[in-house]
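Numbering (the numbering used here), first residue to last: 1 to 393. By construction, the Cβ of each residue, glycine as well, lies at the ideal position given by its N, Cα and C atoms. Encoded as C-alpha cells, the structure appears first; notes follow it.
Right, here's the structure in full:
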C-alpha cells in the first residue's frame, strides 16, 4: 500500500515517519499550499503522486478541507485519511461525509488500520447511512420553558458523543441566540430555508450556516432563528420541511425549538397563497419523529396543555409524543403533586406518556448568567432528569 502525506511542518515529517514505520510506502510529502496549487494544474507532480497512492493522509485545516481538493482526490482514486485535533476541523471533516478524523498524534497502528479499512471498503463512509431523528420541543402559551428544555436536551445528547443540531424555528419569540450569547446576525435557520429554493442546501452548507458550541466530543451545531419579527415569512412550511429533511443527513439528532401558537386562523381572513406565521411550527411538528410537549407545573399550565394536546392530535397525529411537566414542585398542587397531575391527564388526555422535570432555579440562574444550557454533573435536579430523557431518544 502507498500513501501521500499532505501536511505542513512539523506534522508532515512526523506523519510520514509513522507511515513508514507501519510499512506504508510514502509516495510524496507535500505542503498544504502545494496541494491547493495542484487543483488547477493537472500536470503537476502532486497529481502524479495522488494517482500512485491508495490514500492521502492530510491535516484537515480550513485551507485544505475545500470541495476542490476533495474532488481532486476523488478523481485520482486516492481516499482521504483526515487528521485533526481541533473541534472545528473534525466538524468540517464530518460535514464532507468523510470518516471520523484521527488525531494528529495517531500512532502507526491507527494509521495502518485506517488505510487498510479504506482499501477493503469498510470505512464508515462506505457503510449504509442511517438518517438522524427530528425532535420538536413545543409547549402552549405561558412560558412553560420550551427553549430551556430544548437547550438542555440538545446539550445532553451532544455530551453523549453524538452529532446534534439545535434549530430555532420559533417565528414569534426566538431566543436561542440570546440564550447562548451568539451573534444575532448569524445566517442560521432562515438562510438554510432560503437555500432550499435553489436546491443547494446540503450538509456542508448547513455546517457553514451554523454556529458551533463546544459541549462534548462533537460541538453542538446551532442554527439560530430570525433576528427581526418581520422576517417570519422566510420560514414557510415547505422550506422548513425541506430544511429539516436535509438536516437528518447532517446530524444524528435534530432538536427543534418552535413557537406556541398552532392556530390556522390566518387562512380565514385571507385566501392568498402566502406564508402563514404559524406554518413553521406546524411543518416542524408534522416532520417530527418525537414531539416533546412542555407544560408548566401549575393548574393553569396543565389546563393549557390538555387543550394543546387536543390540537396536536389534529396537526401532528402521527408523531409520537411525550408530555414534560416542567419546574415540578409540591407547592403549586399540595400533597402528592405528581399523582394529581397524572390523574388529570388520565381523565382529560388518556394515554399520554408523562415525564416530570424538577424545579431547579439555581441551575437555571447559573445557566442564564453563563449563557449556556443547563448541563450539570449533579445526580439530581433538572439536568439529571433531562439526561435520563435524552438516553431514551
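Asked, Found
"Exposed unless 16 or more other CB atoms sit within 10 angstroms - verdict on residue 360", "buried"
"Stretch pair the segment 310-329 + the segment 160-177: three plus CB contacts closer than 8 Å", "no"
"Residue 125 versus residue 77 - alpha carbon distance", "Any reading at residue 125 needs caution, since the residue's pLDDT is 44, under 50, leaving its predicted position unreliable; the model's value is listed next. The straight-line gap from Cα to Cα measures roughly 15 Å."
"Check whether residue 251 and residue 334 have beta carbons under 8 Å apart", "no"
"Distance between residue 240 and residue 284 (C-alpha atoms, nearest Å)", "7 Å"
"Neighbourhood of residue 210 by C-beta distance below 8 Å, restricted to the same chain and skipping five residues each side", "165, 188, 221, 222, 223"
"Contact set for residue 315: own chain, Cβ-Cβ below 8 Å, skip 5 residues either direction", "262, 282, 285, 286"
"Assumed close pair residue 203, residue 107 - CB separation to whole angstroms, cut-off 8 Å", "Not quite, the Cβ-Cβ distance comes to about 30 Å (not below 8 Å), so this is no contact."
"Cβ-based neighbour list, residue 305, same chain, cut-off 7 Å, excluding 5 preceding and 5 following", "140, 293, 295, 323"
"Residues near residue 371 in its chain [Cβ-Cβ closer than 7 Å; skip 5 each side]", "179, 180, 181"
"C-alpha distance - residue 399 paired with residue 340, whole-angstrom precision", "Here the chain comprises residues numbered 1 to 393, so residue 399 is not present and cannot be evaluated."
"Unbroken stretches of the alpha helix (DSSP H), 4 residues or longer, contained in the segment 30-105", "32-37, 45-52, 67-76, 87-95"
"Cβ-Cβ distance between residue 65 and residue 27 below 8 Å", "no"
"Continuous beta strand (DSSP E) assignments of at least 3 residues falling wholly in the segment 262-322", "290-296"
"Cβ-Cβ distance between residue 59 and residue 83 below 8 Å", "yes"
"With 16 other Cβ atoms within 10 Å as the buried cut-off, status of residue 16", "buried"
"Top-ranked residue by Cα proximity to residue 298, from 38, 112, 11, 338", "338"
"Three-state secondary structure (DSSP) of residue 336", "coil"
"Cβ shell of residue 122 (< 7 Å), same chain only, five flanking positions each side left out", "A caution first: residue 122 carries a pLDDT of 48, below 50, which makes its placement in the model unreliable, though a value can still be read off. So no residue of the chain qualifies."
"Exposure of residue 21, with buried meaning 16 or more beta-carbon neighbours within 10 Å", "exposed"
"Option in 103, 67, 110 with minimal Cα separation from residue 23", "110"
"Neighbour-count burial assignment, residue 55, 16 or more Cβ in a 10 Å radius", "buried"
"Residue 147 versus residue 365 - alpha carbon distance", "14 Å"
"Check whether residue 393 and residue 218 have beta carbons under 8 Å apart", "no"
"Pair within 8 Å by beta-carbon distance, residue 3 and residue 32", "no"
"Residues bridged to residue 4 (per DSSP)", "28, 56"
"Same chain, Cβ closer than 6 Å to residue 51, five either side skipped, listed in chain order", "76"
"First through last residue of the beta strand (DSSP E) which encompasses residue 135", "133-138"
"Other residues of its chain near residue 242: CB distance less than 7 Å, five sequence neighbours each side excluded", "196"
"Reduced DSSP category for residue 235 - H, G, I as helix; E, B as strand; rest coil", "coil"
"Local conformation of residue 163 per DSSP, three classes", "coil"
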